[in-house]
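J.: Below you'll find the structure I mean.
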Amino acid sequence: MHNNKCLKENPNPNPNQPLLAYHFIQALTRINLTAHTTTSTKQRSHIIKHAAYVSMAFAAGNKRTWTHAVLLHNRFPLKTRFHRLSGSRRSFIMSLSRNKKTHRHAHLLRSLVPGGHAMEFSSLLMETANYIQYLTAQVRLMQCIVEKFDMHV
Amino acid sequence: MSSSIRREVSSDWDPLLAMDHNMNFIGSSGFPPFIAGVVNSSNDDGRNDQVPSLSCFGLVDSPEFPSVADNVKGKKRKGFTDFGASHSRSPVIKTQQKIDEKKPKNDNADAKKEDYIHVRAKRGQATNSHSLAERVRREKISERMRLLQDLVPGCNKLTGKAMMLDEIINYVQSLQRQVEFLSMKLAAVNPEVNFDVEQILSKDILQSQDGGNSAALGFGQAMTIPHQQFHGLMQTEMGICNMPNSGGILRLNNSEISQMAQIPTNVWDQDLQNLVPMGFIGNPPIESKEMNGSMKAEL
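First to last, the sequence lines map onto chains R and G. Under UniProt numbering, the letters of the first sequence match residues 1 to 153, in that order. Under UniProt numbering, the letters of the second sequence match residues 1 to 299, in that order.
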């Protein structure tokens with residue numbers, strides 16, 4: 001994979017759809033089993049959304065910064081990778097972005113992509129590409145499931 | 001790719017050989033003065049971008065013309081990985097004609113070991129080490145923007161970093177909003193529909209294994225679904241979804257599913273304990289090796 005930059009191909013493989021489906025459906029079933037009717041719809045939707053992101057990160061594998069950020073954020077809320085860095089390191093990374101005169105686009109993108117604050121701009125773009133791939137796959141999967149439920153009902 | 005590089009390089013060097021008498025040797029190692037080296041570390045998983053390290057040797061006492069005579073003679077150029085973009089834009093012929101321009105040559109033992117990306121200074125451009133590195137970085141960024149352009153629909157017409165970034169940000173935001181909306185829909189749908197469908201799906205996935213893993217998962221093992229029904233359900237599920245590689249997916253065979261199922265699913269216990277506030281998950285959280293990997297990577 002480290003040769004891909006030279007080859008100028010898309011280094012991102014297509015997301016593994018069955019794996020996504022497997023993890024997400026498993027999460028959904030667990031949620032159904034455990035979270036009973038006492039939870040409101042809003043709570044459930046929040047839980048399901050969280051499960052969607054976690055299953056997406058899980059299916060994407062360990063090699064991505066955003067998956068680490070999502071999974072860590074899941075375990076320790078509000079402690080993103082950036083926040084877990086020590087103060088001097090954090091300021092160093094911030095200064096890197098500041099020195100290159102980052103525009104608001106970069107800042108926006110960093111806030112959108114999980115774990116985006118701890119990366120330089122070019123790797124941020126890579127992560128965004130991968131993230132977009134998995135997001136589209138996940139959206140498609142969820143649409144299928146919703147459709148299926150509509151059919152049965 | 002390497003063959004094209006060799007062609008360019010070999011055509012490049014002929015005029016330089018002619019002016020052999022003009023060249024002096026730079027030090028004993030023969031390192032040319034201008035190499036912008038970006039260390040292409042093999043463990044670059046996109047997490048830490050490569051820190052451009054500039055190896056400029058002997059700038060103070062370097063003569064005007066780098067010595068290439070030594071490097072020309074039959075040395076292997078394995079380490080010469082080039083940035084394709086820089087070559088495609090400025091054909092080598094241009095740099096050929098500019099005889100008095102300094103061209104970074106990089107044929108030394110270190111290049112083979114360390115896998116540098118070497119950049120050629122083009123005609124009429126500054127050969128300052130910093131600007132070379134800047135150019136490398138800019139080209140990397142534009143290359144990745146082109147990748148992103150293919151991913152985001154409707155980005156083909158837009159040119160310019162600002163507009164494309166706008167579009168990309170909008171797209172990511174809309175995708176995230178879609179996820180939220182769909183999860184709301186799922187949450188609304190779930191309590192009404194009986195859970196059989198989902199349970200069937202999940203148990204079908206578990207069913208494909210030998211049964212060893214399924215016991216560890218702590219699901220109610222009462223339902224056993226026959227194999228054919230499982231195949232049918234999975235196929236309809238995948239068929240509806242219209243997956244991009246639908247041709248291969250529609251016929252999920254046992255091997256694929258058993259591969260999937262063998263992924264340690266005990267990890268979900270720990271994750272879902274955060275998600276679901278109730279402690280109904282009975283399995284003791286077992287640290288799978290995947291989670292260990294992700295945790296260690298943070299250190």
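Every residue, glycine too, gets a C-beta built ideally from N, C-alpha and C. Given the structure is predicted, the values throughout are model-derived calculations rather than measurements.
(1) Take the Cβ of Met-163 of chain G as the centre, count every other Cβ of all protein chains shown within 10 Å, and call the residue buried at 16 or more, exposed below.
(2) Under 6 Å Cβ to Cβ from Ser-10 of chain G, same chain only, skipping five residues before and after it: list those, please.
(3) Check whether the Cβ atoms of Leu-147 of chain G and Ala-106 of chain R sit closer than 8 Å, and answer yes or no.
(4) Using a 10 Å radius around the Cβ and a threshold of 16 neighbouring Cβ atoms, would you call His-73 of chain R buried or exposed?
(5) Should Ser-55 of chain R be labelled buried (16 or more other beta-carbon atoms within 10 Å of its own) or exposed?
(6) Would you call the CB atoms of Leu-112 of chain R and Val-172 of chain G closer than 8 Å?
(7) Straight-line CA distance for Cys-155 of chain G to Val-189 of chain G?
(8) Any C-beta of chain R sitting closer than 8 Å to the C-beta of Leu-132 of chain G?
(9) Who does His-46 of chain R pair with in a DSSP beta bridge?
(10) Taking all protein chains shown into account, decide if Phe-76 of chain R is buried (16 or more other Cβ within 10 angstroms of its Cβ) or exposed.
(11) Out of R:Ser-86, R:Ser-88, R:Tyr-53 and R:Gly-87, which one is the CA nearest neighbour of residue 164 of chain R?
(12) Give the straight-line distance between the Cα atoms of Lys-140 of chain G and Leu-124 of chain R, rounded to the nearest whole angstrom.
(13) Count the other C-beta atoms from every protein chain shown that fall within 10 angstroms of the C-beta of Pro-15 of chain R, then say buried if there are 16 or more, exposed otherwise.
(14) Counting C-beta neighbours from all protein chains within 10 Å, is the total for Phe-92 of chain R 16 or more, i.e. buried, or is it exposed?
(15) Using a Cβ cut-off of 8 Å, which residues of the stretch 127-160 of chain G contact any Cβ in chain R, in chain order?
(16) Just curious, the alpha helix (DSSP H) that Phe-24 of chain R is in, first and last residue?
(17) Just to confirm before moving on: does the CB-CB distance between Glu-120 of chain R and Leu-96 of chain R stay below 8 Å?
(18) Would you grab the beta carbon distance between Leu-141 of chain R and Phe-58 of chain R for me? Rounded to a whole angstrom, and I think it's under 8 Å.
(19) Determine, using beta carbons only, whether Ser-45 of chain R comes closer than 8 Å to chain G.
(20) According to DSSP, is residue 385 of chain G part of a helix, a strand, or is it coil?
(21) Name the residue from R:Asp-150, R:His-50, R:Arg-64 and R:Leu-20 whose alpha carbon lies nearest to the alpha carbon of Ala-118 of chain R.
(22) Spell out whether any CB of chain G is found under 8 Å from the CB atom of Ala-52 of chain R.
(23) With 16 other CB atoms within 10 Å as the buried threshold, where does Met-145 of chain G fall?
(24) Quick one: does Ile-93 of chain R have its CB under 8 Å from some CB of chain G?
(25) Along the chain, where does the alpha helix (DSSP H) that runs through Gln-178 of chain G open and close?
(26) Please report how far the alpha carbon of Ala-187 of chain G lies from the alpha carbon of Val-179 of chain G, in whole angstroms.
(27) Glu-120 of chain R lies in the alpha helix (DSSP H); which residues open and close that run?
(28) State the CB to CB distance for the pair Lys-185 of chain G and Val-139 of chain R, rounded to an integer number of angstroms; the pair is presumed to be in contact (CB under 8 Å).
(29) Beta-carbon separation of Leu-135 of chain R and Leu-175 of chain G under 8 Å?
(30) Would you identify the three-state DSSP class for Met-260 of chain G, choosing helix, strand or coil?
(31) Classify Ala-126 of chain G: buried if its beta carbon has 16 or more other beta carbons within 10 angstroms, exposed otherwise.
(32) With distance defined between alpha-carbon atoms, name the residue in G:Phe-181, G:Leu-165, G:Ser-183 and G:Leu-182 nearest to His-103 of chain R.
(33) Decide if His-130 of chain G is buried, meaning its Cβ has at least 16 other Cβ atoms within 10 Å, or exposed.
T.: Taking the structure as given:
(1) Its Cβ having fewer than 16 others within 10 Å, Met-163 of chain G is exposed.
(2) Interpretation of Ser-10 of chain G is limited by its pLDDT of 44, a score under 50 that renders its predicted location unreliable; no figure is taken from the coordinates.
(3) no
(4) buried
(5) buried
(6) yes
(7) 35 Å
(8) With 8 Å as the cut-off, Leu-132 of chain G does not count as an interface residue toward chain R.
(9) DSSP, once it has assigned bridges, lists no residue as partnering His-46 of chain R.
(10) exposed
(11) There is simply no residue 164 of chain R to check, as chain R begins at 1 and stops at 153 in what is shown.
(12) 12 Å
(13) buried
(14) exposed
(15) Taking a C-beta cut-off of 8 Å against chain R, the contacting residues of the stretch 127-160 of chain G are Arg-137, Lys-140, Ile-141, Glu-143, Arg-144, Met-145, Leu-147, Leu-148, Asp-150, Leu-151 and Val-152, listed in chain order.
(16) 17-34
(17) yes
(18) Leu-141 of chain R to Phe-58 of chain R, Cβ: 13 Å. No contact.
(19) So, interface residue.
(20) Past the boundaries of the shown model lies residue 385 of chain G; chain G is included only from 1 to 299, so the question cannot be answered.
(21) R:Arg-64
(22) yes
(23) Flag for Met-145 of chain G reads buried.
(24) no
(25) 161-189
(26) Going from the Cα of Ala-187 of chain G to the Cα of Val-179 of chain G covers about 12 Å.
(27) Neither: Glu-120 of chain R is in no alpha helix (DSSP H) and is coded neither H nor E.
(28) Incorrect: roughly 12 Å between the Cβ atoms, too far for contact.
(29) yes
(30) Here Met-260 of chain G scores only 48 on pLDDT, less than 50, and its place in the model is too uncertain to base an answer on.
(31) exposed
(32) G:Leu-165
(33) Label assigned to His-130 of chain G: exposed.
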